[in-house]
Structures are given as structure tokens and as C-alpha cells.
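Some notes on the structure that comes next.
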Amino acid sequence: MTVNKLATAKRSRSITTEEVLLILCHSVTEVLGNAGNDKVDYSPMVQKINKTCLRPDIGCFVLFDGGFSGLVIINFTAESAMEIYRKYLLSMGMPENELAQLHTSDEVGNVMGEIMNQIVGDFTNKVRHQLRTSITQSQPKMMAMNKQVQISVNTTLDQPQSRRVTFTTEKNNIFYLELSMDKTEFIKLHDFDEAELENPDDILAENKQQKDESVSPAHGNNDFDDLMNDLGI
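Counted the way my numbering counts, the sequence shown spans residues 7 to 239.
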């Protein structure tokens with residue numbers, strides 16, 4: 007019996023830093039897609055790096071802690087930041103003549119910070135769902151800069167690992183995602199059901215459908231009763 011358990015454990019699929027990074031990359035593309043930037047894609051190659059940095063022209067970082075600790079940084083060029091900013095607000099119906107013209111504008115920084123917050127929020131939700139552990143995030147810090155600034159996590163990481171992924175927008179502008187986190191490995195001890203993540207729009211639509219279905223039979227019965235009355239039955 008013991009031998010069988012050990013054999014099962016050895017065959018269990020493990021999830022490492024690269025898989026966690028892939029979850030984060032999916033969050034980036036999905037959130038940006040919902041924000042009017044559905045053509046954003048990332049390189050299939052990931053870089054191992056020794057340190058994480060905020061780089062020109064706009065950098066944003068978020069700390070997370072809990073089941074594992076780490077740091078997420080996204081560095082935008084001025085061109086990629088403005089493209090994402092403009093498409094996001096235009097998709098929301100903002101008139102083009104009211105958009106900021108410079109990446110150093112406070113409005114651009116606020117919008118990019120909001121998008122970063124949504125990305126990491128989606129990431130923490132996916133981690134909780136897929137890895138069955140919980141992490142919490144700090145408030146995103148977004149800033150425009152003209153020189154490189156090194157950022158490190160203000161906690162002791164267990165054998166920190168850092169990775170960088172290159173993203174490309176529809177107009178071929180570049181931005182970079184950097185992740186630094188504990189060296190960790192999740193090993194599935196046994197299979198478990200993964201229910202689909204709930205979408206608020208789907209829940210509302212389902213409730214509306216159930217309400218319509220509950221009304222329709224009642225309406226049908228009234229028509230039937232009226233017909234019977236007309237026939238004198």
C-alpha cells in the first residue's frame with residue numbers, strides 16, 4: 007500500500023515558477039483584452055534574470071504575500087502605455103479630444119495603475135482557483151521615470167527566482183512583465199474538480215433566464231384557463 011502511494015505521488019504533476027508565470031501572463035492578456043486591447047500577445051520565450059527593475063518610460067509594481075511571496079513589475083514604453091491607455095478609454099466611450107497627449111500625464115498613470123490592479127486581482131483569483139492557495143496584493147505603484155530603478159521585495163524570499171516576459175501590442179509596441187517570487191513547487195497529491203470561475207455577467211444572465219422561465223409557465227396556464235372558460239369547460 008505504501009509503495010502505491012509513493013508511486014502515485016511521483017507521477018503527480020508539479021507546478022513551478024514557470025507555470026505561475028504563465029497564469030500571470032494569461033491575466034495580462036485577458037484583462038487588457040477586456041480593456042480594448044485584444045491583440046496583445048507575449049513571447050513564448052521567458053528570460054531568467056538576476057534582479058527586477060522599474061525601467062523607462064512608465065513602470066508599475068505590486069507586492070503580493072500569502073501562500074507564497076513575490077513582486078510583479080510591468081515596464082511600459084511611452085508608445086505602449088499611450089496605445090493601451092487610448093484604446094481603453096476609447097472602448098469606454100471617452101471622446102478622443104479629451105484624452106491625454108503625454109505619457110507623463112497623471113491621468114495616464116492613474117489609468118495604467120487601475121489596469122495593473124485589475125491584472126494582479128485576476129492573477130490572485132486564478133491562483134486561489136487553480137493552486138488552492140491564497141495570496142494578497144498591495145496597492146499598485148505607477149510612476150513615469152527616465153532612468154532605471156532597482157526594486158526588491160521588502161521580505162525575505164525563500165531562494166528568489168526572477169523572470170521576464172516580453173509583450174507586444176497590436177501596433178508592435180513593447181512592454182515587459184517581470185516576476186520575482188519564492189522558489190516553490192506545487193505538487194498535486196490527488197485529483198480535484200476545478201469548477202469554472204464565475205463570471206458576474208453569466209450569473210446575471212442565468213438569473214434572468216430562470217426568472218423568464220418561471221414567468222412563462224404561469225402565463226401559459228392563464229391562456230389555457232381562458233380557453234377553457236370560453237369553451238364553457
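Backbone N, C-alpha and C define an ideal beta-carbon position, used for all residues, glycine too. Remember, predicted model here, so these are calculated numbers, not experimental data.
N179 and N123 have their alpha carbons spaced roughly 21 Å apart. V78 carries a strand assignment under DSSP once its states are collapsed to helix, strand and coil. Residue burial is scored here from C-beta neighbours: T142 has fewer than 16 other C-beta atoms within 10 angstroms and is therefore classed as exposed. As computed with DSSP, M149 is found in a beta bridge with G65. Residues of the same chain with a CB within less than 6 Å of the CB of T110, apart from the 5 flanking positions on each side, are A150 in chain order. In this structure, the CA atom of T190 is about 10 Å from the CA atom of S75. Counting only runs of 4+ residues, the alpha helix (DSSP H) found wholly inside the segment 81 to 123 occupies 84 to 97, in chain order.
If you look at L183, you'll find it in the beta strand (DSSP E) that goes 180 to 187. Assignment of V171 by DSSP, reduced to helix, strand and coil, places it in the strand class. Taking a C-beta distance under 9 Å as the contact criterion, S186 and I80 do not qualify as a contact pair. Secondary structure at V37: helix, using DSSP grouped into helix, strand and coil. Excluding sequence positions up to five before and after S97, its CB lies within less than 6 Å of the CB of G42, all in the same chain and listed in chain order. By the criterion of a C-beta distance shorter than 6 Å, L137 is surrounded in its chain by F192, once the five residues flanking it on both sides are discounted. The DSSP-derived three-state label of T142 is strand. With respect to the 9 Å criterion, D47 and F129 are not classified as neighbours on the basis of their beta carbons.
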